[in-house]
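Peer 1: Just add 1 to wherever you are in the sequence shown, counting from 1, and you've got this note's numbering.
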Amino acid sequence: MTAATYSDVWNLEVFFKGGSGSAELAEHLKVTKELIEAFETKVNNWTPLNKINDKIYLKELLSDFEHAGKKLRQASAFVGCLQAQNTEDKKAYALEATVTALSATFQSALSAFDNLLSSINDEVWAQVLDDEYLTELTFSLTERRERAKDKLSIEEEALISALGVDGYHSWGQLYDLIVSKIKIPVEENGEVNQLSVGQASNRFSSTDRDVRASVFKSWENSWNEQADYLSKTLNHLSGFRLNVYKKRGWEDVLKEPLSINRMQKETLETMWAVITENKKPLVEYLNRKAKLLGIEKLSWFDLDAPYGKTESKVSYQEGAKFIEQNFAQFGEKMSAFAKKAFENQWIEAEDRPGKAPGGFCTGFPESEESRIFMTYSGTPSNVSTLAHELGHGFHSYAMRGVQYLNRGYAMNVAETASTFAEMIVADAAVKNAKDEEEKLALLDDKIQRTVALLMNIHARFLFETRFYEERKRGPVSVETLNELMEGAQKEAYCEALDEYHPLFWASKLHFFITGVPFYNFPYTFGYLFSLGIYAQALEEGKGYEEKYIALLRDTASMTVEDLAAKHLQVDLVQKDFWEKAVQICIDDIEEFLQLTEKK
């Protein structure tokens, strides 16, 4: 029997027919607006009586919240997919503005809702939660209540949300628009091709150093041409955020990201301390890699260079089958989920012009489906990215049946599921290598991700922390931004590189995302946290899948410290867990160094 051939283009028509011109989507947005306005009216008409009867109205509001929230998320996910698949889709950008405005109205209503929760006294609150439906939501509702106490009045928070549409989120949208216009001129086969940002970034995985160096030079020039616009964008975005923090009395810029990630500052500090103490093996790897490439020191554009002289291409079909087979080694549910995603065209992977850079997984809650976006060009790293995004999708799949309010897991634990899936595939690839050269190439690809998560992400964190301190004193110039970025990179990479990427602040979307500040450390947390889970999974074998799903289902219902204590029996504030996780990374490096000793 011939194996199924999977399409590398996703199917969005099942949600709304007609793309950005969809009449179905227009009707959906109209209904969404009505639901949000009805929820807003109901919130405004509620005056908690500080009596047990408050729970009746609360349950009605939660039902309305779920209906409106699912509708809004469905539309938002669809519009995001439209923009990613075609950066020239002008109608999609107009739709994004509509969705952003609806989101602002919804957030404003939710702020008012949260304030009302905080007005219920503690004694009555305990009685209200003593209800079969509401008990499950104790953590989520109490969290909303406590966060509301930490913010401004209902009127002030509503004003911030309203002004944020054009004064905050619009700057993030402007960034997307600028990037969509950027072309990277690259000479290939005797002619100059104008590559999109996504296409050009894939060239940094070329085995030819001249190609990487040439693309990097064009890359820097193209970003530098837009640096004034991008610095203005970043300054206004961060300025808005800092002004809101100041009004709320928040002095620490990490207060919000830590709260969003349900994480203690001590945990974050311990994680970075352990990483910093264990960077020597990573530097040894970078130095060895330089020697293997025949150069004295690696430059930024060499970090994604594959080991070996031959480019090992993996077709989309081969990559898909490899992921399915190795997910099956862990558990049947994970493998079945991946198979369903491939068969039902949940994945947009085609390598073509006009696509946005990067990769993501987004959820459609009304349809209980996910969509995955990436550009697949056949590298081992592409297979890892595909597995990574499928891990995100499986996380959402595992949460089915969980109350809607309890599905809002944070980025750090979201990255845990994705990295766990990536580890399964990366480990399998190394173990199944046909010879030592292939093993080294795959091991190198795996270590590249360790370097990215323990060094590159660290540089982003250092840069963003220092940038915000600088921004408190006034707008930050392009020159200072470049200096801050290069300084952070030199520190994070322990001066191991020859040439750095000072314009990384401009080329990295994550610094311009308005939904979540400090879109960096959660990646590293998720990576190392997943290694601890992965180690347990290896010890217990296939039976671990149910325990893993139980952990995923709890990810939005407790702090990460409590999650780790309950499911892994570890204390994240102590160094032990992090040291063991980092050691797993070091083991890969030591194997690589040993195998390449004579080379």
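Don't be surprised by glycine CBs; every beta carbon is placed ideally from N, CA and C.
If the criterion is Cβ atoms closer than 8 Å, does the pair S219 and P307 meet it?
Peer 2: no
Peer 1: Apart from the five residues just before and just after T3, which ones in its own chain have a Cβ nearer than 7 Å to its Cβ?
Peer 2: Confidence is the limiting factor: at T3 the pLDDT is only 45, short of 50, which leaves the residue's position unreliable, though a coordinate-based value still follows. Contacts found: none.
Peer 1: What three-state label does DSSP hand I121 in the structure shown?
Peer 2: coil
Peer 1: Expressed to the nearest angstrom, what Euclidean distance is found between the alpha-carbon atoms of R353 and H511?
Peer 2: 23 Å
Peer 1: Identify the continuous alpha helix (DSSP H) that holds G70 and give its terminal residues.
Peer 2: D55 to Q86
Peer 1: What residues in its chain sit with their C-beta under 6 Å from that of R450, if we drop five residues either side in the sequence?
Peer 2: none
Peer 1: Which partner residues does C362 have in the DSSP bridge list?
Peer 2: I373
Peer 1: Would you tell me roughly how many angstroms separate the C-alpha atoms of V452 and V125, rounded to the nearest one?
Peer 2: Near 51 Å, if we compare the C-alpha coordinates of V125 and V452.
Peer 1: Thinking S371 and S397 are a contact (beta carbons under 8 Å), I'd like their distance in whole angstroms, please.
Peer 2: With 8 Å as the limit, S371 and S397 qualify as a contact, their Cβ atoms being about 6 Å apart.
Peer 1: What residue from F17, T6, V10 and D131 has the CA that sits closest to E367's CA?
Peer 2: F17
Peer 1: Between the segment 181-195 and the segment 139-146, do at least 3 Cβ pairs fall closer than 8 Å?
Peer 2: no
Peer 1: If I measure Cβ to Cβ from H68 and keep anything under 6 Å in the same chain, skipping five residues before and after, which residues do I get?
Peer 2: L36
Peer 1: Can you give the beta carbon distance from K43 to L62, rounded, assuming they're within the 8 Å contact cut?
Peer 2: 6 Å
Peer 1: For L164 and I155, I'd like the C-alpha separation in whole angstroms.
Peer 2: 14 Å
Peer 1: Give the C-beta separation of D446 and S382 to the nearest angstrom, bearing in mind that I take them to be a contact with Cβ-Cβ under 8 Å.
Peer 2: 6 Å
Peer 1: Apply the 10 Å Cβ neighbour rule to S316 and answer buried if 16 or more other Cβ atoms are within range, or exposed otherwise.
Peer 2: exposed
Peer 1: Can D499 and S300 be called in contact, C-beta distance under 8 Å?
Peer 2: Going by C-beta atoms, D499 is nearer than 8 Å to S300.
Peer 1: What are the start and end residues of the beta strand (DSSP E) that includes P186?
Peer 2: I185 to E189
Peer 1: Quick one: is D123 buried, meaning 16 or more other Cβ sit within 10 Å of its Cβ, or exposed?
Peer 2: exposed
Peer 1: What residue range does the beta strand (DSSP E) around L196 cover?
Peer 2: E192 to L196
Peer 1: List the residues that DSSP assigns as beta-bridge partners of I348.
Peer 2: I373
Peer 1: Where does M2 sit, in a helix, a strand or coil, going by DSSP?
Peer 2: Model confidence at M2 stands at a pLDDT of 36, short of 50, so the residue's coordinates are unreliable; what they give is reported in the following sentence. Coil.
Peer 1: Going by beta carbon distance, what residues of the same chain come within less than 7 Å of R408, once the five residues before and after it are set aside?
Peer 2: M400 and A557
Peer 1: List the residues that DSSP assigns as beta-bridge partners of L498.
Peer 2: As computed with DSSP, L498 is found in a beta bridge with L299.
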